[in-house]
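Student:
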Amino acid sequence: MKETMHQTRSRRRQIIQRTIVYTLMTTFVVGLVTVLVLLMLGYRFNRLTNTIEQGGLVQFVTRPSGASVTVGNAHLIDTTPSKITVNAGHYQVKMEKSGYRLWQKSVDIEAGEVLWLNYAQLVPEKITTTTVASFASLYEARVSPTGRYYALLPDVTKPSIVLIDMADSKYQQTNVNLSTVAGKTSGTWRYTIASWSNDSNFILVKRTQASRIEWLLVDRHDPAKSQNLTSTYKKAISTVLFDPNSSNRLILRMNDGTLQTADVSSGNLSDVLLRDITGINVSDDTLLYVQQKSPAIQSVGYMSLGGVKGRELVQRETKQKLLIDIGSYYGDLYTVITTGNEIDLYRLSALPKSASTAPITMTPVAHFQVATPPLDASIRSAGRLAVVESQRGFLTYDLELGKMTSTDLGTTTASRLTWLDKYHVGYVVNGRFTIIEFDGGNRQEITEATTGFEGNQSSDNKYVYSFLRTDRGVELRRSQMILSN
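Once you know that position 386 of the sequence shown is 376 in the numbering used here, the rest is easy, because the numbers rise by one and skip nothing.
#1: L105 and V113 - do their beta-carbons sit closer together than 8 Å?
#2: Would you mind reading off the limits of the beta strand (DSSP E) that contains T351?
#3: How far does the beta strand (DSSP E) with T147 in it reach, from first residue to last?
#4: Who are H65's beta bridge partners in DSSP?
#5: So who's on the other strand from E115, going by DSSP bridges?
#6: Taking only beta-carbon atoms, is G430 less than 8 Å away from chain D?
#7: Could you tell me the boundaries of the beta strand (DSSP E) in which I219 lies?
#8: Measure how close the beta-carbons of Y140 and E427 come, nearest whole angstrom, since I'm counting them as under 8 Å.
#9: Please check the pair Q447 and I117, which I expect to be a contact at CB under 8 Å, by giving their CB distance rounded to whole angstroms.
#10: Mark P349 as exposed unless 16 or more other C-beta atoms lie within 10 angstroms of its C-beta, in which case mark it buried.
#11: Can you tell me which of A123, Q4, M15, P54 puts its alpha carbon nearest to the alpha carbon of R468?
#12: In three-state DSSP terms, what is T386?
#13: With 16 as the cutoff for other CB atoms within 10 Å, does S449 come out buried or exposed?
#14: Sorted by chain position, which residues of the same chain lie with C-beta nearer than 6 Å to N165's C-beta, five sequence neighbours on each side aside?
#15: Apart from the five residues just before and just after G463, which ones in its own chain have a Cβ nearer than 8 Å to its Cβ?
#16: Starting from A214, follow the alpha helix (DSSP H) in both directions and report where the run begins and ends.
#17: Could you name the residues that DSSP lists as bridge partners for V171?
#18: Does the beta-carbon of V254 have 16 or more other beta-carbons within 10 angstroms, so that it is buried, or is it exposed?
#19: Select from N271, D274, G247, S273 the residue whose C-alpha is nearest the C-alpha of L263.
#20: Kindly indicate the opening and closing residues of the beta strand (DSSP E) around F423.
#21: Classify L28 as buried or exposed, calling it buried when 16 or more other Cβ atoms lie within 10 Å of its own Cβ.
#22: Taking T509 as part of the beta strand (DSSP E), name the residues at either end of that continuous run.
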């Protein structure tokens, strides 16, 4: 009997012990998982407030890598590329590397958000600049979209350009005489390099004489196949754009406001697609246009490339110039529309084929004003930035941060900005080639330079190129941005 009672008590004790152990183990596992989940979500103990707060993740990438990072008073152990989770708040971030100038920026870190500081260009303390090519005269220099080629116009009154292959260690030059393409004409014409095709295979050269305009299409691979578009199509052409998806197709806006497309290979010209068009732009597979509806009303719309029907997005009761661009950022569509000095940024619910009648909702994202009507408006840097350019500088709306910044370049320019990459602009001010970030931060002088020529950055980011006018002519110069180990 006693033995039976003892066994019963032992079993009870074992059950209680197991229950306690299992409860403690379960509690420990649940607690550990909870802590790990909170850590993954960025929660940290704030020693200043003695509370647990959700922080934000900051990613650091520099060019070149290997820079030390300081966030506020915290010094990261790892060099770039690196990351850290910190409490939400305002911080001063510094990135330093021996032999390079300090990079720094004030940032706001939001709880539960990721801040990408992945565009830091470290500039050497001592920059080595060398001359790679010289020209007796030079009027204009335009870099190709790929950055590999330069198209140079030595003389504004002569039908001749020079092509430079920047990937060639000797910077091979090819002289292209356009006299045959231009044809025999009397009087003096003025030439300018209008644009490159996206694939860098073709160049548009515009020439003017009083009110007359002609367009020359230069074939980089085979200059002998270059042609005078005005003569080929026997049209008074006001604007020419390359189809972004095929440099063999052109979009032509005529002097009378009609719009047609042309096939370069066949020489075929489409029927009139749109009328009363006052401005055009292209974005991916979409043609954007401004249409005069009446003397006091304009509309902005789009037409799918390859389509034959346009679709209106919005009307404006104004006589001022309108600009439009469209871009996509992480699956969301945005459009920037300028009306005089008024700027509107919208998020689009969709952008169906222009022949479709599916509804499109335009949700306002931001509205702001600039001092003078802009020269250009675009959505760039993989859709992250809406950029409005003026004669004195540019305004940027960062869709990632929902933040607007205005940058005064300290100089007047009547041409579009030269973007060296997604986040950096190159320009000349006070006789110095200067680099600045998209938000106006980290302005760095690089070398002596002359305004009026586009800068460039090598594909490996090791060099930036600029031009300097001297007593002997004009020099193409290379500045080393990444030091040799």
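For glycine and all other residues, C-beta sits at the position ideal for the given N, C-alpha and C. Please read these numbers as outputs of a predicted model, since none were measured by experiment.
Tutor: In this structure, then:
#1: To locate residue 113, count along the sequence shown from 1; it is residue 123. To locate residue 105, count along the sequence shown from 1; it is residue 115. Result no, Cβ atoms of V113 and L105 do not sit closer than 8 Å.
#2: On the sequence shown, position 361 is the one that residue 351 refers to. Note, T351: premise wrong, no beta strand (DSSP E); not H, not E.
#3: Translated into the one-based positions of the sequence shown, residue 147 becomes position 157. Note, T147: premise wrong, no beta strand (DSSP E); not H, not E.
#4: Mapped onto the sequence shown, residue 65 falls at position 75. Bridge partners of H65: T60.
#5: Locating residue 115 in the sequence shown gives position 125, counting from the first residue. DSSP links E115 through a beta bridge to no other residue.
#6: Among the chains in the structure shown there is no chain D, since it carries only a single protein chain.
#7: Walking along the sequence shown from the start, residue 219 turns up at place 229. What sits at residue 219 in the sequence shown is Leu, not Ile. Here L219 belongs to no beta strand (DSSP E); instead the alpha helix (DSSP H) covers 219 to 223.
#8: The sequence position of residue 140 within the sequence shown is 150, counting from 1. The sequence position of residue 427 within the sequence shown is 437, counting from 1. That belief does not hold up - the Cβ atoms of Y140 and E427 are roughly 24 Å apart, past 8 Å.
#9: One-based indexing of the sequence shown puts residue 447 at position 457. One-based indexing of the sequence shown puts residue 117 at position 127. Rounded, the Cβ-Cβ distance is 14 Å, inconsistent with contact.
#10: If you number the sequence shown from 1, residue 349 lands on position 359. Using a 10 angstroms sphere on the CB of P349, the tally of other CB atoms stays under 16, which defines it as exposed.
#11: As a position in the sequence shown, residue 468 is number 478, starting the count at 1. Residue A123 is the option with its Cα nearest to R468.
#12: Locating residue 386 in the sequence shown gives position 396, where the first residue counts as 1. Looking at T386 - three-state DSSP - the assignment turns out to be strand.
#13: By one-based count along the sequence shown, residue 449 stands at place 459. By the neighbour-count criterion, in which a residue is buried when 16 or more other Cβ atoms sit within 10 angstroms of its Cβ, S449 is exposed.
#14: Walking along the sequence shown from the start, residue 165 turns up at place 175. The answer, listed in chain order, is V152.
#15: Taking the sequence shown and counting its residues from 1, one reaches residue 463 at position 473. Excluding residues within five positions, the ones whose Cβ falls inside 8 Å are S124, F125, A126, S127, L128.
#16: The residue labelled residue 214 in the question sits at position 224 within the sequence shown. Per DSSP, A214 is not a residue of any alpha helix (DSSP H), being assigned neither H nor E.
#17: Here residue 171 refers to the residue found at position 181 when the sequence shown is read from its first residue. V171 is not bridged by DSSP to any residue.
#18: To locate residue 254, count along the sequence shown from 1; it is residue 264. Counting Cβ neighbours within 10 Å, V254 comes out buried, since at least 16 surround it.
#19: Taking the sequence shown and counting its residues from 1, one reaches residue 263 at position 273. Of the listed residues, the one whose Cα sits closest to L263 is G247.
#20: By 1-based counting over the sequence shown, the position of residue 423 is 433. Start and end: 422 to 427.
#21: As a working note, residue 28 is residue 38 in the sequence shown. Low confidence applies here, because L28 scores a pLDDT of 48, under 50, leaving its location unreliable; read the following figure in that light. Around the beta-carbon of L28, fewer than 16 other beta-carbon atoms lie within 10 Å, marking it exposed.
#22: As shown, the chain starts at -9 and ends at 475. That puts residue 509 outside it, with no answer to give.
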